[in-house]
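Add 48 to the 1-based position in the sequence shown for the numbering used here, that's all there is to it. C-beta atoms are modelled at their ideal positions from N, C-alpha and C, and glycine is treated no differently. What follows is a single structure, written as C-alpha cells, with notes after it.
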Amino acid sequence: MASAVDSARAALEAADVFRLGAMMTANHGFLRDLGVSSPALDTLATAAIQAGALGAKLSGGGRGGHIIALVEADTTWSVRQALQTAGALRIHAASLGG
49 MASAVDSARA
59 ALEAADVFRL
69 GAMMTANHGF
79 LRDLGVSSPA
89 LDTLATAAIQ
99 AGALGAKLSG
109 GGRGGHIIAL
119 VEADTTWSVR
129 QALQTAGALR
139 IHAASLGG
C-alpha cells in the first residue's frame, strides 16, 4: 500500500493525470477483488471510465457509498450524464488546478 501511495504522489507531483487515473482504476479492481466493492460501485466506476474519465475508484469503506472519478474538463458533462444513467444519486464536482 505504501508503494501505491508513493507512486500516486509521484504522479501528482509530475502532473501525470493519465498515470494517476490508471492507478485509481487499478486500485478499484484490487479493492473489488478483495470484496470491499459492490455491484453498484463497480457499475458507476465502469460508467465513468467508459464516458471518458481518466480513472475511477471507490472511496471510503466500500460496499455502497462513493466513487471518485478523475475527469478532464472537456469530458465532465459526458461523465456526469453516464453516472446519472448508471444510477448515481448525487454527483459532486470539484475543479483542481488552473
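For a test of the three-state rule: what should DSSP assign to residue i, helix, strand or coil?
| i | result |
| --- | --- |
| LEU106 | strand |
| HIS76 | helix |
| ILE97 | helix |
| ALA56 | helix |
| ALA141 | coil |
| ALA136 | coil |
For residue i, count the other beta carbons within 10 Å of its own beta carbon; 16 or more makes it buried, fewer makes it exposed. Which is it?
| i | result |
| --- | --- |
| VAL53 | exposed |
| GLY145 | exposed |
| ALA154 | Here the chain covers residues 49 to 146 and nothing more, so residue 154 does not appear. |
| LEU68 | buried |
With the cut-off set at 9 Å, would you say residue i and residue j are in Cβ contact?
| i | j | result |
| --- | --- | --- |
| ILE139 | MET72 | no |
| LEU131 | ALA99 | yes |
| THR91 | GLY135 | yes |
Taking CB distances under 9 Å as the criterion, tell me whether residue i reaches chain C.
| i | result |
| --- | --- |
| ARG128 | The chain inventory of the structure shown lacks chain C, comprising one protein chain alone. |
Got a sec, what are the start and stop residues for the beta strand (DSSP E) residue i sits in?
| i | result |
| --- | --- |
| ALA130 | Taken as a continuous stretch (DSSP letters only), ALA130 belongs to no beta strand (DSSP E), being part of the alpha helix (DSSP H) at 124 to 133. |
| ALA117 | 114 to 118 |
Roughly how far, in whole angstroms, is the beta-carbon of residue i from the beta-carbon of residue j, given that I think they are within contact range, below 8 Å?
| i | j | result |
| --- | --- | --- |
| LEU106 | VAL119 | Between VAL119 and LEU106 the Cβ distance is about 16 Å, and since that is not below 8 Å, they are no contact. |
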